[in-house]
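Residue numbers (our numbering), protein chains in the order written: chain A, 1 to 264; chain B, 1001 to 1308. Working notes, structure below.
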Amino acid sequence: MDAKGRGYMEGLPFRGLALVVRTVKDVYLTKGVLLAIFFLFIPPLISIYTLTNAQEGFKDWWNLFSAFGLILYLQLLVLLYCLVYGSSMINEPLDSRTMTYLTMRSAKRFEIILWKYIGLVFSLQLMFSLSIIATYLILGSHGPISDIRSNLDILLILLFTVDMGIAVYVALFSLFGTAFKHPLMIGILFAFFWEVIMVYLEANVKKVTMMHYLQSIFRSNRTISEAIDLGDATGSVFSTIFLLVMIILLLSLSMLILSRKDVN
Amino acid sequence: MTGGIVEVDSVSKFYGKVMGLNEFSATIDKGMTGLLGPNGAGKSTLLKMITGQIKPSKGNLKVFGMKVWDNPGANRLMGYCPEQDAFFKNMTGLQFVSFNARMSGHSPAEANSLAKAAIRKVDLLGDMNRSIFGYSKGMRQRIKLAQALVCDPDLLILDEPLAGTDPIGRVKIMDLLFDLKRSGKDIIVSSHVLHEIERMTESIILVNKGKLVAKGNIHEIRESMDRFPLTVRIRSPERKRIGKMVMDIPGVRSVSLGDDSDELLIRTGHPPTFFSNFQDMVMQKELQLTSIDSPDDNLDAIFKYLVT
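Encoded structure:
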């Protein structure tokens, strides 16, 4: 064993896994995770409250689930969590100066973005998936078990949409964190004044938001149009491809910026 | 400019209007080199450039003949101990060092084994499973040193490695550095603890205001300064008699009584003339001397002289 480490390509999976695992631990092994989990479990708690206070059994619980998915998860929690975690993905190691250790090893700078991104997106997707599944099961417990099985497609579409949302917004906010010293304020403005408000404007204006494409994917859910009117939507396949391209573009920009940035 | 392990060629670094380094050129040879200068002189900027953390605004910099910016090939040969107390959250000493080894492409088992070997070198095995945030300042310095050593680098770059260490920790680190030097490692060490650097380094580089002030062996630097004023301290029960006599030696600028009852301080502008004349004087007049030395004959004095 050469103590200096393996060659660049040979060592790639080892350092990749090390940084992915480190990033997951950074998310889950901090005191802040309790707060993060608490907020994520507000939708399941609301579901319990709704069920226990319903005078009569309410029909079509899946419409309520879809509305939760769109409003609570997609437009609020996904944006909020991606803003907080995504903007600190590169900004925090730069600020705390631990980036020095990462850039002094065998990893090229673009790799640091890639591995941290994978770790962070995986961590958030896991957190959100548990919360969404819990909400689904709580609401579904109101009706017969066959309803849970027959509405599984709604759950899967929401999980896919939220996963796409996490992937694209983490890429966006991590770009802010790489480019700016104080990314949170810019992120808040972008998240809640651009993404949330613009998406409800007319015609083509909404198409400059990523939320529009996420909503368009979610609209393929057969129940959503019954719950909320989303107006004109783009095709879900096109929306998915568009968001994937955006992820690649945003990550590439972050990599480019970090590869030229001084680490003080 | 070839042959050194580090070649810095007309390198400048601008932070907006502030200049971190100004047309800095130097070749750092094998062995141990001390980098000295006051706060804000540009020492850390230079070390960060050598380790590829900061990109020069102008000029070229090579380590082992390689460009260092975003170059894993160069990183493999270097170990860097930064000045700042920066650590990842929720890590023990062992996890910290092991993680750094894994980032160099080692498997978890290999990294663990290398980390323990490095931690043994800095004498922290007993505390390696404790959280770093519970470490004393000296222990944190040593664990940073362990992460720099973990992949057996050819060149060690240490930014203020003795800062905050207690006397015992300081001796341990210095002994370790001597061992590494003996084993053929090249070391660049920056510090403002001058008397300790003086004991460690063969050659020094003095930096001030982003510029190279002097480079070479401490004695070579001293010899190159013909008119470097020197304070000579003499201890003798006859200090008043000696004080009157040395006033006649050419080059003597001042004579004063020291704080101790037998101490005499003489400031001379030409040390060789003083020592030659004083030696004759002692022989002829049979003067009683307890000791003779120079509080100026160290880097601190040279440094102050050079940068002011």
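For every residue, glycine included, the Cβ atom is placed at its ideal position computed from N, Cα and C. The model shown is predicted, which means the values in this text are computed figures rather than measured ones.
(request) Could you check which residue in B:T1033, B:G1134, B:G1184 has the C-alpha nearest to that of A1214 (chain B)? (result) Taking the second sequence and counting its residues from 1, one reaches residue 1214 (chain B) at position 214. Residue B:T1033 is the option with its Cα nearest to A1214 (chain B).
(message) Here's the rule: buried if 16 or more other CB atoms are within 10 angstroms of the residue's CB, otherwise exposed. What is L1257 (chain B)?
(response) Along the second sequence, one-based indexing puts residue 1257 (chain B) at 257. So L1257 (chain B) counts as exposed.
(request) Under 6 Å Cβ to Cβ from A1117 (chain B), same chain only, skipping five residues before and after it: list those, please. (result) Numbered from its first residue, the second sequence carries residue 1117 (chain B) at position 117. Here the set comprises nothing.
(message) Quick test of the definition: if touching needs 3 or more C-beta pairs under 8 Å, does the stretch 246-263 of chain A touch the stretch 189-206 of chain A?
(response) no
(request) Just the chain B side, please: which residues come within less than 8 Å of T98 (chain A) by C-beta, in chain order? (result) On the first sequence, residue 98 (chain A) is found 98 positions in, with the first residue counted as 1. Within chain B, the residues near T98 (chain A) are A1086, F1087, F1088.
(request) Provide the residue span of the alpha helix (DSSP H) that contains T240 (chain A), from first to last. (result) Locating residue 240 (chain A) in the first sequence gives position 240, counting from the first residue. From DSSP, the alpha helix (DSSP H) with T240 (chain A) extends over 236-258.
(message) Bridge partners for T1027 (chain B) per DSSP, in chain order?
(response) Here the question's residue 1027 (chain B) lines up with position 27 in the second sequence. T1027 (chain B) pairs with B:E1007.
(message) Any beta carbon from chain A within less than 8 Å of Q1279 (chain B)'s own beta carbon?
(response) As a first step, residue 1279 (chain B) is located in the second sequence; it is residue number 279 there, counting from the start. Taking Cβ atoms only, chain A never reaches closer than 8 Å to Q1279 (chain B), which makes this a no.
(request) Report yes if the C-beta distance between L1036 (chain B) and I1197 (chain B) is below 8 Å; otherwise report no. (result) Within the second sequence, numbered from 1, the residue matching residue 1036 (chain B) stands at position 36. Within the second sequence, numbered from 1, the residue matching residue 1197 (chain B) stands at position 197. Closer than 8 Å, so yes.
(message) Between T1268 (chain B) and R1253 (chain B), how many whole angstroms is the CB-CB distance? I'm expecting something under 8 Å.
(response) Within the second sequence, residue 1268 (chain B) is the residue found at index 268, counting from 1. Within the second sequence, residue 1253 (chain B) is the residue found at index 253, counting from 1. So it is a contact: roughly 6 Å between Cβ atoms.
(message) Residues in the same chain with beta-carbon distance under 7 Å from F65 (chain A), minus the five sequence neighbours each way, listed in chain order, please.
(response) Locating residue 65 (chain A) in the first sequence gives position 65, where the first residue counts as 1. Cβ neighbours of F65 (chain A) beyond the five flanking positions: T135, Y136, L139, I154.
(message) Measuring only the C-alpha atoms, how far is K261 (chain A) from C1081 (chain B)?
(response) Counting from 1 along the first sequence, the entry for residue 261 (chain A) is found at position 261. Counting from 1 along the second sequence, the entry for residue 1081 (chain B) is found at position 81. Cα-Cα distance, rounded: 20 Å.
(request) Quick one: grab the DSSP three-state call for R1235 (chain B). (result) Your numbering for residue 1235 (chain B) matches position 235 in the second sequence. Strand.
(message) Tell me which residue opens and which closes the alpha helix (DSSP H) that S1291 (chain B) is part of.
(response) Indexing the second sequence from 1 puts residue 1291 (chain B) at position 291. Run containing S1291 (chain B): none in the alpha helix (DSSP H); it sits in the beta strand (DSSP E), 1291-1293.
(message) Which same chain residues end up closer than 8 Å to T1092 (chain B) when comparing Cβ atoms and leaving out the 5 residues on each side of it in sequence?
(response) Residue 1092 (chain B) sits at position 92 when you count from the first residue of the second sequence. Here the set comprises M1128, N1129, R1130, S1131, I1132.
(request) Check M1001 (chain B) in the structure and name its three-state DSSP category. (result) The sequence position of residue 1001 (chain B) within the second sequence is 1, counting from 1. Because the pLDDT of M1001 (chain B) is 46, which lies under 50, any placement of that residue in the model is unreliable, and the number read from its coordinates should be weighed accordingly. DSSP places M1001 (chain B) in coil when its eight states are reduced to three.
(message) Could you compute how far the alpha carbon of V121 (chain A) sits from the alpha carbon of V170 (chain A)?
(response) Position 121 of the first sequence, counting from 1, holds the residue named residue 121 (chain A). Position 170 of the first sequence, counting from 1, holds the residue named residue 170 (chain A). The alpha-carbon atoms of V121 (chain A) and V170 (chain A) are separated by roughly 7 Å.
(request) Compute the distance between the beta-carbons of T1165 (chain B) and I1157 (chain B), then report whether it is under 8 Å. (result) Here residue 1165 (chain B) corresponds to residue number 165 of the second sequence, with the count starting at 1. Here residue 1157 (chain B) corresponds to residue number 157 of the second sequence, with the count starting at 1. Not closer than 8 Å, so no.
(request) Out of B:V1207, B:R1142, B:S1025, B:R1239, point me to the one whose CA is closest to H1192 (chain B)'s CA. (result) Within the second sequence, residue 1192 (chain B) is the residue found at index 192, counting from 1. Ranking B:V1207, B:R1142, B:S1025, B:R1239 by Cα distance to H1192 (chain B) puts B:V1207 first.
(message) Can you list, in chain order, the residues of its chain with a C-beta nearer than 8 Å to that of T209 (chain A)? Leave out the 5 residues immediately preceding and following it.
(response) Taking the first residue of the first sequence as 1, we reach residue 209 (chain A) at position 209. Within the same chain, T209 (chain A) has close Cβ partners W194, E195, M198, V199.
(message) Against chain A, which members of the stretch 1037-1060 of chain B pass a CB distance test of less than 8 Å?
(response) K1048, T1051, G1052, Q1053, I1054, K1055
(message) Could you check whether the Cβ of D1296 (chain B) sits closer than 7 Å to any heavy atom belonging to the ligand SAM?
(response) Among the components of this structure there are no ligands whatsoever, and the ligand SAM is therefore not found.
(message) Beta carbons nearer than 9 Å to chain A: which residues of the stretch 1103-1116 of chain B have them?
(response) M1103, S1104, G1105, H1106, S1107, P1108, E1110, A1111, S1113, L1114
(message) With three or more beta-carbon pairs closer than 8 Å as the criterion, would you say the stretch 1024-1032 of chain B touches the stretch 1139-1148 of chain B?
(response) no
(message) Do V27 (chain A) and Y85 (chain A) have their beta-carbon atoms positioned less than 8 Å apart in this structure?
(response) Against the first sequence, residue 85 (chain A) aligns to sequence position 85. Against the first sequence, residue 27 (chain A) aligns to sequence position 27. Yes. Within cutoff.
(request) Please look up how many angstroms separate the CB atoms of G187 (chain A) and V78 (chain A), rounded, as I've assumed it's under 8 Å. (result) As a first step, residue 187 (chain A) is located in the first sequence; it is residue number 187 there, counting from the start. As a first step, residue 78 (chain A) is located in the first sequence; it is residue number 78 there, counting from the start. That belief does not hold up - the Cβ atoms of G187 (chain A) and V78 (chain A) are roughly 13 Å apart, past 8 Å.
(message) Restricting to runs no shorter than 4 residues, where is the alpha helix (DSSP H) found entirely within the stretch 13-53 of chain A?
(response) 32-40, 42-53
(message) With a threshold of 8 Å between beta carbons, is Q1288 (chain B) in contact with chain A?
(response) As a position in the second sequence, residue 1288 (chain B) is number 288, starting the count at 1. By this cut-off, Q1288 (chain B) is not an interface position.
(request) Go to Y81 (chain A), then tell me how far its beta strand (DSSP E) extends in each direction, as first and last residue. (result) The residue given as residue 81 (chain A) occupies position 81 in the first sequence. Looking at the DSSP string, Y81 (chain A) is not in any beta strand (DSSP E); the run it does join, the alpha helix (DSSP H), is 78-81.
(request) Round the Cβ separation of M290 (chain A) and N1075 (chain B) to the nearest angstrom and send it over; I've been treating them as touching at under 8 Å. (result) Since the first and last residues shown for chain A are 1 and 264, residue 290 (chain A) lies out of range.
(request) Answer with buried or exposed for R1199 (chain B), where buried requires no fewer than 16 other C-beta atoms within 10 angstroms of its C-beta. (result) Residue numbering aside, residue 1199 (chain B) sits at position 199 when the second sequence is read from its first letter. Classification for R1199 (chain B): exposed.
(request) Taking S1104 (chain B) and C1151 (chain B) to be in contact with their CB atoms under 8 Å, please state how far apart those CB atoms are, rounded to whole angstroms. (result) Along the second sequence, read from residue 1 onward, the residue named residue 1104 (chain B) stands at position 104. Along the second sequence, read from residue 1 onward, the residue named residue 1151 (chain B) stands at position 151. The Cβ separation is near 5 Å, so the contact holds.
(request) Would you mind telling me which residues of chain B sit closer than 7 Å to A3 (chain A), beta carbon to beta carbon, in chain order? (result) Taking the first sequence and counting its residues from 1, the one referred to as residue 3 (chain A) is at position 3. Correct list: L1114, C1151, D1152.
(request) With a threshold of 16 other CB atoms inside 10 Å of the CB of H1219 (chain B), please say whether the residue is buried or exposed. (result) Within the second sequence, residue 1219 (chain B) is the residue found at index 219, counting from 1. Label assigned to H1219 (chain B): exposed.
(request) Using a cut-off of 8 Å between C-beta atoms, extract the partners of F180 (chain A) located in chain B. (result) Along the first sequence, read from residue 1 onward, the residue named residue 180 (chain A) stands at position 180. Near F180 (chain A) there are no residues of chain B at all, since even the closest Cβ is about 16 Å away, more than 8 Å.
(request) With DSSP collapsed to three states, give me the class of M127 (chain A). (result) Here residue 127 (chain A) refers to the residue found at position 127 when the first sequence is read from its first residue. DSSP places M127 (chain A) in helix when its eight states are reduced to three.
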